[in-house]
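What follows is a set of notes on a single structure, which appears directly below.
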Ligand code: NAP
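Residue numbers (my numbering): 7 to 297.
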């Protein structure tokens with residue numbers, strides 16, 4: 007039975023809070039912890055126990071789910087006695103995007119504490135997280151897969167099982183390279199349309215519905231056209247993901263010039279003060295006169 011399980015959710019930002027809400031709706035016990043407590047507090051009204059620190063959240067829990075910004079934040083949160091506080095036979099579902107090196111560090115930490123570790127980054131953003139439609143890229147020991155799906159089932163439309171822990175993070179990086187490239191060229195295309203006197207909304211309308219008209223281009227392109235960037239995924243975290251792609255490519259002797267160029271665009275947008283806005287604000291770097 008999934009509904010008598012306790013899940014310690016560390017990190018209730020955009021994604022973690024939505025995932026915790028879906029776990030509560032599925033009838034699970036949730037102990038939520040967030041560094042800035044005020045972001046976890048609203049979950050108490052929906053039945054979560056809000057913990058003062060990660061060890062209190064983890065005490066006797068069947069699962070620990072980490073959804074923090076990066077590997078350093080996860081390591082900091084889960085260090086000390088946190089993993090030892092879990093119930094026997096518990097599982098660590100590591101769902102933050104941490105890249106290859108980050109995943110290896112966290113896997114070592116789990117194995118030092120004898121805790122089963124599932125590397126499970128996600129595809130999808132704020133809305134799919136709220137609607138229980140995330141795609142989980144899961145990898146880890148076969149014996150804990152069924153149990154892990156009790157948790158994933160609460161917020162995922164689909165779980166793709168890969169092989170050993172690490173394969174999920176590698177596939178996530180591949181998808182992220184695709185996203186970073188798309189976003190960079192979309193920002194420059196909208197800027198190019200404007201510079202040449204073409205209405206960028208006409209560009210989006212023209213490609214819509216055909217093979218070139220990705221829903222993603224419509225979603226992020228509309229933000230650029232409207233010059234309004236409500237955050238589903240921050241530019242700061244997208245820049246972090248682009249850097250993880252570049253680190254990994256470098257480790258595998260590959261030079262990704264497009265990812266490098268878009269990372270530089272993210273840097274410009276962040277320096278201009280758009281880091282907490284949606285990643286589509288990379289457009290601001292392509293149109294410095296607007297931004
Ligand atoms: P977010 O809203 O910015 O939340 C980040 C979380 O990390 C917050 O709980 C924040 O705590 C915490 N944090 C940051 N540094 C910390 C530290 N040093 N110690 C402890 N906690 C720390 O981010 P998000 O969008 O939910 O993303 C979470 C993870 O999911 C990231 O790895 C991201 O790449 C990945 N992801 C996001 C999306 C998306 O579309 N949003 C999609 C797929 C994957 P405070 O509240 O105290 O700052």
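Ideal Cβ placement from N, Cα and C applies to all residues, glycine included. Only a predicted model underlies this, so the values are computations on that prediction, with no experimental measurement involved.
According to the Cβ coordinates, are residue i and residue j closer than 8 Å?
i, j, result
"residue 63", "residue 37", "yes"
"residue 3", "residue 97", "This structure cannot settle anything about residue 3, because the visible part of the chain is limited to 7 through 297."
"residue 190", "residue 77", "no"
"residue 103", "residue 178", "yes"
"residue 250", "residue 262", "no"
"residue 92", "residue 67", "yes"
Specify the secondary structure class of residue i as computed by DSSP and reduced to three states.
i, result
"residue 104", "coil"
"residue 297", "Legend: pLDDT at residue 297 = 47, less than 50; position of this residue unreliable, no value from coordinates given."
"residue 75", "coil"
"residue 30", "helix"
"residue 7", "Here the model assigns residue 7 a pLDDT of 48, short of 50, so the residue's position is not dependable, and the following value carries that caveat. Coil, per DSSP."
"residue 209", "helix"
"residue 131", "coil"
Does the Cβ of residue i lie closer than 7 Å to at least one heavy atom of the ligand NAP?
i, result
"residue 125", "no"
"residue 163", "no"
"residue 45", "yes"
"residue 218", "no"
"residue 26", "no"
"residue 83", "yes"
"residue 40", "yes"
"residue 176", "no"
"residue 241", "no"
Given that a residue counts as buried once 16 or more other Cβ atoms are within 10 Å of its Cβ, and exposed if not, what is residue i?
i, result
"residue 183", "buried"
"residue 277", "exposed"
"residue 290", "buried"
"residue 247", "buried"
"residue 109", "buried"
"residue 284", "buried"
"residue 269", "buried"
"residue 264", "exposed"
"residue 44", "exposed"
"residue 118", "exposed"
"residue 7", "Summary for residue 7: the model assigns pLDDT 48, below 50, so the residue's position carries little reliability, and this model does not support an answer."
"residue 22", "buried"
"residue 205", "exposed"
"residue 127", "buried"
Kindly indicate which residue of the options has the alpha-carbon position closest to the one of residue i.
i, options, result
"residue 59", "33, 51 and 88", "88"
"residue 69", "14, 194, 33 and 225", "14"
"residue 95", "132, 137, 238 and 123", "123"
"residue 271", "192, 111 and 81", "192"
"residue 152", "257, 188, 165 and 141", "165"
"residue 20", "126, 129 and 133", "133"
"residue 181", "35, 105 and 80", "105"
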